[in-house]
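First the structure, in the form of structure tokens, and then the observations on it.
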Amino acid sequence: MSRQDVLVSVDWAEKNLGTDGIVFLEVDEDTTAYDGGHIPGAVKANWTTELRDPVRRDVLDKAGFEALLSSKGISNDDTVVLYGGNNNWFAAYAYWQFKLYGHENVKLLDGGRKKWELDGRALTTDVVERPATTYTAKDADNSIRAFRDEVVDAINTKNLVDVRSPDEFSGKILAPAHLPQEQSQRPGHVPSAINVPWSKAANEDGTFKSDEELAELYGEAGLDGSKSTIAYCRIGERSSHTWVVLRELLGHGDVKNYDGSWVEYGSLVGVPIELGDGR
Amino acid sequence: MCGAPDQDTLLPAGTDLTKETVLTGKVLAGGLPVGGAFVRLLDSTGEFTAEVVSSASGDFRFFARPGSWTVRALSRSGNGETALTADGPGLHKTEIAVA
Numbered sequence: 001m002s003r004q005d006v007l008v009s010v011d012w013a014e015k016n017l018g019t020d021g022i023v024f025l026e027v028d029e030d031t032t033a034y035d036g037g038h039i040p041g042a043v044k045a046n047w048t049t050e051l052r053d054p055v056r057r058d059v060l061d062k063a064g065f066e067a068l069l070s071s072k073g074i075s076n077d078d079t080v081v082l083y084g085g086n087n088n089w090f091a092a093y094a095y096w097q098f099k100l101y102g103h104e105n106v107k108l109l110d111g112g113r114k115k116w117e118l119d120g121r122a123l124t125t126d127v128v129e130r131p132a133t134t135y136t137a138k139d140a141d142n143s144i145r146a147f148r149d150e151v152v153d154a155i156n157t158k159n160l161v162d163v164r165s166p167d168e169f170s171g172k173i174l175a176p177a178h179l180p181q182e183q184s185q186r187p188g189h190v191p192s193a194i195n196v197p198w199s200k201a202a203n204e205d206g207t208f209k210s211d212e213e214l215a216e217l218y219g220e221a222g223l224d225g226s227k228s229t230i231a232y233c234r235i236g237e238r239s240s241h242t243w244v245v246l247r248e249l250l251g252h253g254d255v256k257n258y259d260g261s262w263v264e265y266g267s268l269v270g271v272p273i274e275l276g277d278g279r
Numbered sequence: 001m002c003g004a005p006d007q008d009t010l011l012p013a014g015t016d017l018t019k020e021t022v023l024t025g026k027v028l029a030g031g032l033p034v035g036g037a038f039v040r041l042l043d044s045t046g047e048f049t050a051e052v053v054s055s056a057s058g059d060f061r062f063f064a065r066p067g068s069w070t071v072r073a074l075s076r077s078g079n080g081e082t083a084l085t086a087d088g089p090g091l092h093k094t095e096i097a098v099a
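So the sequence lines, in the order shown, correspond to chains S and U.
Per full-length UniProt numbering, the first sequence starts with residue 1, numbered consecutively.
Per full-length UniProt numbering, the second sequence starts with residue 1, numbered consecutively.
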């Protein structure tokens with residue numbers, strides 16, 4: 001993978017609105033953002049009701065993913081361009097799920113909604129209808145998904161990258177500062193994890209930093225490129241952003257997203273937890 | 001949060017201001033509220049901590065902890081930032097002028 005296989009620019013996107021075989025799909029943390037104005041022709045997926053299992057805490061299963069894409073009018077050979085607010089966190093999470101189920105032609109709009117809005121590009125409230133398709137997913141590729149036991153086993157052996165903010169990493173707070181602080185987990189981080197907040201990989205306008213800047217960032221943080229890597233955050237979307245950086249942009253071989261993340265790990269009985277800044 | 005009323009009066013149910021440190025404010029351009037601005041919370045070292053979008057009335061809100069913070073807004077009307085110190089739990093108000 002390289003940058004042009006993974007990202008599209010806002011200029012490219014604007015020129016390709018309405019192109020056959022290209023579907024724009026918006027995924028936001030604020031699930032009402034699309035309804036207030038979206039990229040012309042884009043359809044929406046709601047991460048709270050459509051991009052995760054409706055009952056248990058899990059990603060969609062294969063049948064659920066197939067039903068979702070079919071209902072959105074997405075075909076197996078379509079190129080899907082994902083974008084969203086909050087620096088593409090949830091669009092990156094969707095990107096990771098698209099890769100999990102083997103959709104090859106999926107890209108992220110570099111900068112997402114923020115870059116699009118700051119540029120003053122067109123948004124519309126027009127209703128978008130796409131005829132349903134019959135989408136066929138591949139079996140889940142768990143080589144890009146880490147589960148809790150692998151995380152415990154990775155302590156002091158693999159790279160563990162905690163992409164939360166420094167205060168979440170050190171245990172001072174339990175959730176990002178725009179959310180109320182839940183109290184159901186123990187604060188802290190997985191021992192031996194390095195803390196590279198996802199935000200260090202992005203420019204202020206939401207675009208990804210250059211490959212050179214990204215390589216320097218993780219190198220200086222002590223990420224050993226010869227080892228396997230597991231990225232985690234609180235619920236698995238910010239770590240999807242970093243997963244995109246490490247596996248898709250920098251091309252590291254074995255990188256997994258731990259979507260259980262701190263909400264799961266910090267609730268486990270008896271697992272090791274480290275407090276403080278880790279340095 | 002588009003169209004949300006003044007967030008002073010819209011803290012989530014159960015928010016305990018004797019325990020939570022809440023930073024709220026308004027993004028203004030020439031004294032007029034700026035909705036849809038991207039407001040970033042930076043810690044005392046300038047490290048990004050969180051980001052929200054201001055409401056139609058220009059309001060934003062963060063749940064933080066006591067300490068020194070900078071709130072920085074990016075908008076089509078321009079950018080700006082304001083430093084503030086939250087000396088303890090409670091509601092801490094500020095404004096960001098963008099130009």
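Note that CB positions come from ideal geometry on N, CA and C, so glycine has one too.
All figures in this text were calculated on a predicted structure; none of them were measured in a lab.
Please identify the residue among S/128, S/90, S/129 whose C-alpha is closest to the C-alpha of residue 113 of chain S. Closest in C-alpha terms to residue 113 of chain S, from the list S/128, S/90, S/129, comes S/90.
Between the Cα of residue 65 of chain U and the Cα atoms of U/84, U/29, U/12, which residue gives the shortest distance? Taking the Cα of residue 65 of chain U as reference, the smallest distance to any Cα among U/84, U/29, U/12 is reached at U/84.
Under three-state DSSP, which class holds residue 262 of chain S? helix
For the stretch 80-97 of chain U, which residues have a beta carbon sitting closer than 7 Å to at least one beta carbon of chain S? Listed by position, the residues of the stretch 80-97 of chain U near chain S (Cβ gap below 7 Å) amount to none.
By how many angstroms is the C-alpha of residue 54 of chain S removed from the C-alpha of residue 171 of chain S? Residue 171 of chain S and residue 54 of chain S: Cα-Cα distance of roughly 30 Å.
Could you tell me the alpha carbon to alpha carbon distance between residue 152 of chain S and residue 19 of chain U, rounded to whole angstroms? 33 Å
Residue 2 of chain U CB to nearest chain S CB: under 8 Å? Residue placement at residue 2 of chain U cannot be trusted, given a pLDDT of 40 that sits under 50; what the coordinates show is reported in the next sentence. Judged by the 8 Å Cβ criterion, residue 2 of chain U is in contact with chain S.
Between which two residues does the alpha helix (DSSP H) carrying residue 21 of chain U extend? Residue 21 of chain U -> not in any alpha helix (DSSP H); beta strand (DSSP E) instead, spanning 21-29.
Is the separation between the beta-carbon of residue 256 of chain S and that of residue 146 of chain S shorter than 8 Å? yes
What number of angstroms, rounded off, separates the C-alpha of residue 31 of chain U from the C-alpha of residue 66 of chain S? 50 Å
Report yes or no: do the stretch 47-55 of chain U and the stretch 209-221 of chain S share at least 3 C-beta pairs separated by less than 8 Å? When C-beta atoms of the stretch 47-55 of chain U are compared with those of the stretch 209-221 of chain S, fewer than three pairs fall below 8 Å, so the two segments do not count as touching.
Identify whether residue 100 of chain S lies in helix, strand or coil by the three-state DSSP scheme. helix
Taking only beta-carbon positions, decide if residue 179 of chain S is within less than 8 Å of chain U. yes
Hey, residue 76 of chain U and residue 24 of chain U: beta-carbon distance below 8 Å or not? no
To the nearest angstrom, report how far apart residue 8 of chain U and residue 154 of chain S are at their CA atoms. Any reading at residue 8 of chain U must be qualified, since the residue scores a pLDDT of 48, below 50, and its modelled position is unreliable; the value itself is stated next. Cα to Cα, residue 8 of chain U sits roughly 44 Å from residue 154 of chain S.
In terms of residue numbering, what span does the beta strand (DSSP E) encompassing residue 241 of chain S cover? Note, residue 241 of chain S: premise wrong, no beta strand (DSSP E); alpha helix (DSSP H) at 238-243.
Is residue 30 of chain U near the ligand HEM, with its Cβ less than 7 Å from a heavy atom? Annotation note on the ligand HEM: not contained in the displayed structure, which lists no ligands.
Given that a residue counts as buried once 16 or more other Cβ atoms are within 10 Å of its Cβ, and exposed if not, what is residue 220 of chain S? exposed
Against chain S, which members of the stretch 54-74 of chain U pass a CB distance test of less than 7 Å? Per Cβ criterion, the list reads 62, 63, 64, 65, 74.
Is residue 199 of chain S close to chain U, meaning its C-beta is less than 8 Å from at least one C-beta of that chain? yes
So, helix, strand or coil for residue 154 of chain S, using DSSP? helix
Once the 5 residues before and after residue 85 of chain S are set aside, which same chain residues still bring their CB inside 8 Å of it? Excluding residues up to 5 positions away in sequence, 28, 29, 30, 33, 112, 113, 114 lie with their Cβ nearer than 8 Å to the Cβ of residue 85 of chain S in the same chain.
Assumed close pair residue 42 of chain S, residue 26 of chain S - CB separation to whole angstroms, cut-off 8 Å: 5 Å
Counting only beta-carbon atoms, is residue 103 of chain U nearer than 8 Å to chain S? Summary: the structure shown does not reach residue 103 of chain U, with chain U confined to residues 1 through 99, and so no result is reported for it.
Determine the extent of the beta strand (DSSP E) in which residue 81 of chain U is found, giving its start and end residues. 78-86
DSSP three-state call for residue 69 of chain U: helix, strand or coil? strand
Euclidean distance between Cα positions of residue 196 of chain S and residue 130 of chain S: 40 Å
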